[in-house]
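**Q**
Residue numbers (this note's numbering), protein chains in the order written: chain A, 12 to 389; chain B, 41 to 190; chain C, 2 to 359; chain D, 2 to 181.
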């Protein structure tokens, strides 16, 4: 068997046939976390990329086997920490599906609004980080200006800025803050006014376009085969939006378009995310004024027990399809739980997308994959 | 394509398969030795199951069950394929030739459950250290130092 | 009127009156060296602060604002921090070259200072091949970077150094051609003569189209030569962590850092000299009154103003553009800038012969 | 000894010292760097002689061009970091003898050349004059050699491109097969 520690030792020397093996990571500015890529280079050209994972693996799946159905939600906030609301929502949906819990309309509305806000926040962070990968520092601050408003809203509502744990089986943990609607509307106005700045600074920049167009191309066929989901697959022309295909909560009541580009390159992935932010705004606008009055949480038992059987739910996080597969024996804890994280599949396509291109292209490709390492490592 | 049609179609490609409809999706349990040919038929045949979205394994203490969640981007029907493998020396054919995503997902199962995927192009540890002993997601895995029992 | 010219000539007269010529020359040398070092230190502090303030302004934030009023002592505090830091040398590095490299880079920057005219008659060495001297010496700076990259024994550094080498060697051509444009228009390589030729108008106005093209080419090329974004591939931190100075720390890193800013200052000073008239005030043709008013502003202020305007321009680039890819960078030079420069040189030769400039 | 002479000897010492180090060091990259110092020293000597144009050209061509090329080719070879084996004794002796005979020859030549003080004006190294001479077509003009050299350089450049051009995928595969 191939030995990982050997690889790291090897890299002090040149590889075979004059190849250069570089360890990108675990600490590297472009991996945004502790991802370790062993990159084989021929000059500046990438021959092979091998991801090595596990630097922050916490075996959440094993942990969940000894946590109850109320507790395991908190762990999922720590997986894809940029979509923690949506992860929580997936867990809540799973328990609700298993136990047939009725969720009040009010909670459904708020859940969707929060999911979309989370999506915008995540895409904002991605936009800034990706531009920074390509050497443009300024968009980072512009993106964070808007993201900050969202985190403030989240903080007011849930008490947390990153790991929310606000959505519980049956609805929400607390009712929303009285200022919630006002603040969200203020955010929408601000976002709409400022979104043109991204267009000017990033989208229409000729250097940005030449760095991303035709870079890291993923065909629709490969995208499906690699199990890519979310903006990565949609940029390749694969329709895979869970919100459209298998609507949950009130997604079937709102009007929005599934953003699909066909080029499959980094620029297409960029465009998908930027347009998705606008669609999210559209969804929020439709819901924010019509949040019904009523309970914020349905009636649930104190001890949640899923019936014996297997359950699978999926939600659309900012990175793609997040699936939870639970095998229950009828007890208070799951027998086996599997998180199907979008980043894991997206990462597996990296070698295919970046091999043969330059190191600089790797940054564009990896940046537009939008990898969140705890999501991959779990 | 409806669930009924899938149910009628399955026996034509895998006569020994056991169908189970209790869950949300159609569960098909087959012999590990038939997995590869069955999967090929699912992908290339009438069902066009081109999207493998989840590969995992469940430890039942007596045996391991490989679970494959499959879907098609054309008709959007999902099915679950299961194969029970021996717990002592688990071995199953790899599907990474059919779905590229299986490459990484199977590597994860390999190190977490110790299932040996035959003909896998690159079967080595992805997450754990090389000298890690044991299979963490199996039910009998014990690590007195790092594991906290609740 | 207060002028630097007066001060220098007074000092010189006094020295030659007091000591024998050799000793006076030696003392002058020492004074010049001390002044150059002082200028370097001051420039380092000012430019780093300016960079951070410009960046902050562009990025809707405040920038340094705690140390001293408006954060003006921030860079001094940073320098103190860098001096106190341990200067690590990697185990397997070629220690001699590793330690030598920052000094080479610094020395080259210092040598480049010699022919720059900071004010009227305020110049260390008015060498008769001024601009040629500058392009010759600046070609040395790549050696320091290659040395640093190779001696670190780090692959990121090596890649950074290779990139930097390819980049500087190619962009030197465009910069050289842009400089030659002005040389053709002036008919001299001497800095003082180039400045004097702009008495009745700066070259960017007098030389119209070819001079403007040359100016744009020059700015692009020197941005690349000084390894500044969008051409900062040699240290592209998202790709190569820090490129050729990945392994440097403490004061040795500070020297690279300082040299980068000094180099920016120098190329901008040269750009200001060649295209914007150096210390020459803004004169418009025969408008005697206007020209006379402009003359009241001291020449050193004119020079510094123009230089800092160009520095601001280069900083503005950095905080606006993404980085190019290495092949795009070389394509830009060899497929676009170089042919344009060649054609522009031809054009300017025709214009100079026919006397079409003003 | 006046200051000018001191500077001359200092520069000469730098040139010679760097040159000796360049041939004796066992690390190839260092040897290139010593060569660089030696060439910079020569340029300094030109500056000392007040032929600035030649000095600048010396730096542009040798330091900015040739040494950078040498360093690049060292980068591209794999063993650049390792110490080279010590040269064989015979080689050392032979090289030393060759160098010594060269020195002897030069000293002999200098000794036999009676240097005389001239009262003629120092020669004019004005860039203007050099340019004129270089491109003039009169009897002492250098236009013909200038053009011939440029043709030579062009040919060399084309040759380089041809050598550097990568063989296409298919040919390289066949080459590999042949090697196997």
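Even glycine gets a Cβ: it sits at the ideal position worked out from N, Cα and C.
Computed from a predicted model, the values in this text were never measured in an experiment.
What did DSSP end up calling residue 90 (chain A) once you bin it into helix, strand or coil?
**A** Here residue 90 (chain A) corresponds to residue number 79 of the first chain, with the count starting at 1. Of the three classes helix, strand and coil, the one that applies to residue 90 (chain A) here is coil, per DSSP.
**Q** Taking 9 Å as the CB-CB limit, is residue 335 (chain C) close to chain G?
**A** Given the protein chain composition of this structure (A, B, C and D), no chain G is represented.
**Q** Less than 9 Å separating the beta-carbons of residue 326 (chain A) and residue 46 (chain A)?
**A** Walking along the first chain from the start, residue 326 (chain A) turns up at place 315. Walking along the first chain from the start, residue 46 (chain A) turns up at place 35. Between residue 326 (chain A) and residue 46 (chain A), the gap from beta carbon to beta carbon reaches 9 Å or more.
**Q** Does the beta carbon of residue 163 (chain A) come closer than 9 Å to any beta carbon on chain C?
**A** Counting from 1 along the first chain, the entry for residue 163 (chain A) is found at position 152. Not an interface residue.
**Q** Rank D:137, D:132 and D:25 by C-alpha distance to the C-alpha of residue 54 (chain D) and give the top, closest one.
**A** As a working mapping, residue 54 (chain D) is identified with position 53 in the fourth chain. Closest option to residue 54 (chain D), Cα to Cα, is D:132.
**Q** Quick one: list the residues of chain D neighbouring residue 129 (chain C), beta-carbon separation under 9 Å, in chain order.
**A** On the third chain, position 128 is the one that residue 129 (chain C) refers to. Those within 9 Å of residue 129 (chain C) in chain D are 53, 54, 126, 127 and 128.
**Q** Can you give the Cα-Cα distance for residue 100 (chain C) and residue 223 (chain A), rounded to whole angstroms?
**A** If you number the third chain from 1, residue 100 (chain C) lands on position 99. If you number the first chain from 1, residue 223 (chain A) lands on position 212. Straight through space, the alpha carbons of residue 223 (chain A) and residue 100 (chain C) are spaced by roughly 39 Å.
**Q** Determine the chain D residues that contact residue 148 (chain C) at a beta-carbon separation under 7 Å, and present them in chain order.
**A** For this step, residue 148 (chain C) is matched to residue 147 along the third chain. Under the 7 Å cutoff, chain D gives 34.
**Q** Could you name the residues of chain B that residue 228 (chain A) contacts, counting a contact when the two beta carbons are closer than 9 Å?
**A** As a position in the first chain, residue 228 (chain A) is number 217, starting the count at 1. Residues of chain B passing the Cβ test: none, with the nearest at roughly 15 Å.
**Q** If I follow the unbroken alpha helix (DSSP H) through residue 269 (chain C), where does it start and stop?
**A** Within the third chain, residue 269 (chain C) is the residue found at index 268, counting from 1. Taken as a continuous stretch (DSSP letters only), the alpha helix (DSSP H) holding residue 269 (chain C) covers 251-276.
**Q** Hey, residue 138 (chain B) and residue 111 (chain B): beta-carbon distance below 9 Å or not?
**A** Along the second chain, read from residue 1 onward, the residue named residue 138 (chain B) stands at position 98. Along the second chain, read from residue 1 onward, the residue named residue 111 (chain B) stands at position 71. Their beta carbons are not under 9 Å apart, which means residue 138 (chain B) does not touch residue 111 (chain B) by this criterion.
**Q** Pick out the complete alpha helix (DSSP H) segments inside the stretch 59-147 of chain C, 4 residues or longer, and give them in chain order.
**A** Taken in chain order, the whole alpha helix (DSSP H) runs of length 4 or more contained in the stretch 59-147 of chain C are 75-85, 96-112 and 131-139.
**Q** Please state if the CB of residue 68 (chain D) and the CB of residue 205 (chain C) are separated by a distance shorter than 9 Å.
**A** The sequence position of residue 205 (chain C) within the third chain is 204, counting from 1. The sequence position of residue 68 (chain D) within the fourth chain is 67, counting from 1. A distance of 9 Å or more separates the beta carbons of residue 205 (chain C) and residue 68 (chain D).
**Q** Under 9 Å between C-beta atoms, does residue 280 (chain A) make it to chain C?
**A** To locate residue 280 (chain A), count along the first chain from 1; it is residue 269. No - not a single Cβ of chain C is within 9 Å of the one on residue 280 (chain A).
**Q** For residue 153 (chain A) and residue 310 (chain C), what's the separation of their Cα atoms in angstroms?
**A** Looking up residue 153 (chain A) in the first chain gives position 142. Looking up residue 310 (chain C) in the third chain gives position 309. Roughly 25 Å separates the two Cα atoms.
**Q** Using a threshold of 9 Å, state whether the C-beta atoms of residue 72 (chain B) and residue 169 (chain B) are closer than that.
**A** Looking up residue 72 (chain B) in the second chain gives position 32. Looking up residue 169 (chain B) in the second chain gives position 129. For residue 72 (chain B) and residue 169 (chain B), no; Cβs fall outside 9 Å.
**Q** Residues of chain A with CB under 9 Å from residue 116 (chain B), in chain order?
**A** Numbered from 1 along the second chain, position 76 holds the residue referred to as residue 116 (chain B). What residue 116 (chain B) touches in chain A: 256 and 257.
**Q** Can you tell me whether residue 383 (chain A) is helix, strand or coil according to DSSP?
**A** The residue you call residue 383 (chain A) lines up with position 372 of the first chain. Residue 383 (chain A) falls in the coil class under three-state DSSP.
**Q** Nearest CA to the CA of residue 346 (chain A): which residue from B:180, B:184, B:187 and B:186?
**A** Locating residue 346 (chain A) in the first chain gives position 335, counting from the first residue. Checked all of B:180, B:184, B:187 and B:186; the closest Cα to residue 346 (chain A) is B:180.
**Q** Against chain A, with Cβ distances strictly below 9 Å, would residue 242 (chain C) count as a contact?
**A** Position 241 of the third chain holds residue 242 (chain C). At least one beta carbon of chain A lies nearer than 9 Å to the beta carbon of residue 242 (chain C).
**Q** Which of the three DSSP states is assigned to residue 179 (chain D) in this structure?
**A** By 1-based counting over the fourth chain, the position of residue 179 (chain D) is 178. The pLDDT assigned to residue 179 (chain D) is 41, lower than 50, so where the model puts this residue is not dependable; a value taken from the coordinates is nonetheless given after this. Correct three-state label for residue 179 (chain D): helix.
**Q** Do residue 336 (chain A) and residue 149 (chain B) count as a contact pair if the criterion is CB distance below 9 Å?
**A** Here residue 149 (chain B) refers to the residue found at position 109 when the second chain is read from its first residue. Here residue 336 (chain A) refers to the residue found at position 325 when the first chain is read from its first residue. No Cβ-Cβ contact shorter than 9 Å links residue 149 (chain B) with residue 336 (chain A).
**Q** From C:47, C:262, C:253 and C:53, pick the residue whose C-alpha is nearest to that of residue 83 (chain C); which is it?
**A** Translated into positions along the third chain, residue 83 (chain C) becomes position 82. Ranking C:47, C:262, C:253 and C:53 by Cα distance to residue 83 (chain C) puts C:253 first.
**Q** Beta-carbon of residue 236 (chain C) versus every beta-carbon of chain D: anything under 9 Å?
**A** Here residue 236 (chain C) is taken as the residue at index 235 of the third chain, counted from 1. Residue 236 (chain C) does not count as touching chain D.
**Q** Give the range of the beta strand (DSSP E) segment to which residue 310 (chain A) is assigned.
**A** For the purposes of this step, residue 310 (chain A) is taken as residue 299 along the first chain, with counting starting at 1. From DSSP, residue 310 (chain A) is part of no beta strand (DSSP E); its letter is neither H nor E.
**Q** If contact means a Cβ-Cβ distance below 7 Å, which residues of the stretch 318-343 of chain C contact chain A?
**A** 320, 321, 322, 323, 324, 325, 326, 327, 328 and 329
**Q** Look at residue 321 (chain C) and residue 265 (chain C) and say whether their C-beta atoms are less than 9 Å apart.
**A** Looking up residue 321 (chain C) in the third chain gives position 320. Looking up residue 265 (chain C) in the third chain gives position 264. Taking 9 Å as the Cβ cut-off, residue 321 (chain C) and residue 265 (chain C) do not qualify as a contacting pair.
**Q** Using only the alpha-carbon positions, how far apart do residue 206 (chain A) and residue 287 (chain A) sit?
**A** For this step, residue 206 (chain A) is matched to residue 195 along the first chain. For this step, residue 287 (chain A) is matched to residue 276 along the first chain. Whole-angstrom Cα-Cα distance: 12 Å.
**Q** Three-state secondary structure (DSSP) at residue 376 (chain A)?
**A** Residue 376 (chain A) sits at position 365 when you count from the first residue of the first chain. If DSSP states are grouped into helix, strand and coil, residue 376 (chain A) belongs with the helices.
**Q** Could you have a look at residue 54 (chain C) and say whether DSSP puts it in helix, strand or coil?
**A** Reading the third chain from its first residue, position 53 is the one you call residue 54 (chain C). Looking at residue 54 (chain C) - three-state DSSP - the assignment turns out to be helix.
**Q** For residue 223 (chain C) and residue 41 (chain C), I'd like the C-alpha separation in whole angstroms.
**A** Position 222 of the third chain holds residue 223 (chain C). Position 40 of the third chain holds residue 41 (chain C). Distance between the alpha carbons of residue 223 (chain C) and residue 41 (chain C) is about 19 Å.
**Q** Short of 9 Å Cβ to Cβ, which residues in the stretch 150-169 of chain C face chain D?
**A** 150, 151, 152, 154, 159, 162, 163, 166, 167 and 169
**Q** If you reduce the DSSP assignment to three classes, tell me which class residue 339 (chain A) lands in.
**A** Numbered from 1 along the first chain, position 328 holds the residue referred to as residue 339 (chain A). Here residue 339 (chain A) sits in strand by DSSP.
**Q** If you run the structure through DSSP and keep just helix, strand and coil, what is residue 261 (chain A)?
**A** Residue 261 (chain A) sits at position 250 when you count from the first residue of the first chain. If DSSP states are grouped into helix, strand and coil, residue 261 (chain A) belongs with coil.
**Q** Can you check DSSP and say which residues form a bridge with residue 323 (chain A)?
**A** Here residue 323 (chain A) is taken as the residue at index 312 of the first chain, counted from 1. Residue 323 (chain A) pairs with A:336.
**Q** Grab the span of the alpha helix (DSSP H) containing residue 77 (chain D) for me, first residue to last.
**A** Within the fourth chain, numbered from 1, the residue matching residue 77 (chain D) stands at position 76. Where residue 77 (chain D) is concerned, the enclosing alpha helix (DSSP H) starts and stops at 69-77.
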